[in-house]
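Novice: Below is a structure I'd like to ask you about.
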Amino acid sequence: MSTQRVLAGSPRVRPGSSPLGAGLATVVALLVSVLTVLIAPPAAADSSGARALRVMSYNIHTGIGVDGRADLGRIAATIEDADVDVVALQEVDVHWSQRSAFADQAAELARLTGMEVYFAPIYDLDPAPGSDQRRRYGVAVLSRHPILSATNHEITRWSTVDPGAGPRPAPGFAEVVVSVRGKPVHVYDTHLDFRADPSVRERQVADMLAVLRQDPPGARQLLLGDFNAGPGAPELSALWEHVRDAWGERDGGFTYPADEPVKRIDYITVAGPVRVLNAAVPPVTASDHRPVIATVLLT
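For what it's worth, the UniProt record's numbering labels the leading residue of the sequence shown as 1, then goes sequentially.
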């Protein structure tokens with residue numbers, strides 16, 4: 001399986017700042033960072049030792065907003081404004097096509113947000129003419145916490161690149177294990193089939209559950225992504241026997257389309273010793289989906 005981890009780049013100098021001022025600012029920033037690491041814990045904790053974690057699921061539509069304009073900076077701003085620790089992204093291009101200027105969107109979002117990233121391609125195609133970069137499209141996980149391991153699992157897919165092949169196993173179900181002050185958390189990122197026929201999604205749910213059940217008993221699990229189905233869809237019923245929907249039984253939480261959402265198809269779900277404190281859907285239009293955000297407690 002193809003994997004990728006990218007660390008954030010070096011600090012950027014604001015336009016208009018002098019080299020001397022920028023240098024002093026960098027030194028001060030580094031000193032503050034060191035003191036912060038020494039003084040503050042990397043995640044909020046209560047008296048029992050439980051750790052709070054803010055997570056997001058976001059189908060970024062390759063950075064194209066409801067206005068039809070591609071702007072990855074708006075996606076990064078949405079992530080930073082939400083002040084989240086872990087983000088599961090769907091519809092991410094890596095040197096894919098002109099629609100995203102053949103950019104490595106996973107690496108660019110890691111640079112813009114200062115987070116680590118793991119990219120799990122669904123499609124991995126030969127380079128475009130005149131290029132030596134493979135064309136890839138899939139899901140990605142950003143994390144402010146250390147990534148301990150990462151795996152690109154196969155689940156059933158009906159390819160949009162080669163639809164004549166029919167449903168068959170293919171990659172693009174990402175698992176990233178992050179360390180939150182010594183507590184391992186299994187973060188899964190998925191993008192289920194979009195077709196009206198639910199049969200492929202039903203098989204995908206079974207495949208995902210088979211992977212989730214391979215984790216040790218009592219593992220902290222977060223399954224995030226675009227399920228392309230409402231919470232009451234029959235093909236998702238088996239999933240709810242293993243995971244809990246962060247949105248709960250409340251109305252609302254609609255995520256699609258972003259400008260006037262009427263569907264709740266994007267999810268944060270949890271399993272194991274994880275408690276949901278709150279969940280929200282911010283009204284942003286940097287993509288054709290709105291993101292879902294939740295604060296969870298790792299017990």
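Note that the Cβ used here is the ideal one computed from N, Cα and C, for glycine as well.
(1) Would you list the residues sitting across from Leu224 in a DSSP beta bridge?
(2) Mind checking whether Thr269 and Val292 have CB atoms under 7 Å apart?
(3) Tell me which same chain residues have a C-beta within less than 7 Å of the C-beta of Glu108, skipping the five on either side of it?
(4) Can you tell which of Glu175, Pro282, Glu235 and Leu236 has its C-alpha closest to the C-alpha of Gly252?
(5) For Gly61, which option in Gln90, Pro217, Glu80 and Arg203 has the closest C-alpha, if you only look at C-alpha atoms?
(6) Where DSSP assigns a beta bridge to Ile64, which residues make up the other side?
(7) Just curious, the beta strand (DSSP E) that Leu297 is in, first and last residue?
(8) Going by the DSSP bridge assignment, what does Met115 pair with across the sheet?
(9) Look up Asp288 in the DSSP assignment and say whether it is helix, strand or coil.
(10) Taking the alpha carbon of Gly172 as the reference point, which residue from Val139, Leu148, Ala150 and Ser143 has its own alpha carbon closest?
(11) Between Gly225 and Ala88, is the Cβ-Cβ spacing less than 7 Å?
(12) Relative to the alpha-carbon of Met115, which residue among Val141, Tyr267, Leu239 and Ala50 has its alpha-carbon at the smallest distance?
(13) Please report the residue range of the beta strand (DSSP E) in which Asp93 lies.
Specialist: So, from the listed chains and residues:
(1) Residue mapping note: residue 224 aligns to position 224 of the sequence shown, counting from 1. DSSP, once it has assigned bridges, lists Asp189 and Ile268 as partnering Leu224.
(2) Here residue 269 corresponds to residue number 269 of the sequence shown, with the count starting at 1. Here residue 292 corresponds to residue number 292 of the sequence shown, with the count starting at 1. It is not a contact, given that the beta carbons lie outside the stated cut-off.
(3) Along the sequence shown, read from residue 1 onward, the residue named residue 108 stands at position 108. So the qualifying residues of the chain are Leu72.
(4) In the sequence shown, residue 252 corresponds to position 252, counting from 1. Ranking Glu175, Pro282, Glu235 and Leu236 by Cα distance to Gly252 puts Pro282 first.
(5) As a first step, residue 61 must be located in the sequence shown, where it is residue number 61. Reading off the sequence shown, one finds His at residue 61, where the question assumed Gly. Here the closest residue by C-alpha is Gln90.
(6) Translated into the one-based positions of the sequence shown, residue 64 becomes position 64. The partner list for Ile64 (beta bridge, DSSP) reads Ala70.
(7) Here residue 297 refers to the residue found at position 297 of the sequence shown. Looking at the DSSP string, the run of the beta strand (DSSP E) that includes Leu297 is Val292 to Leu298.
(8) Residue mapping note: residue 115 aligns to position 115 of the sequence shown, counting from 1. BP columns for Met115 are empty, so no partner.
(9) For the purposes of this step, residue 288 is taken as the residue at position 288 of the sequence shown. The answer is coil: DSSP assigns Asp288 none of H, G, I, E or B.
(10) Numbered from 1 along the sequence shown, position 172 holds the residue referred to as residue 172. Measuring from the Cα of Gly172, the nearest candidate turns out to be Val139.
(11) Mapped onto the sequence shown, residue 225 falls at position 225. Mapped onto the sequence shown, residue 88 falls at position 88. Yes, Cβ-Cβ distance for Gly225 and Ala88 is below 7 Å.
(12) Looking up residue 115 in the sequence shown gives position 115. When each option's Cα is compared against that of Met115, the closest is Val141.
(13) The residue you call residue 93 lines up with position 93 of the sequence shown. Looking at the DSSP string, the run of the beta strand (DSSP E) that includes Asp93 is Val86 to Val94.
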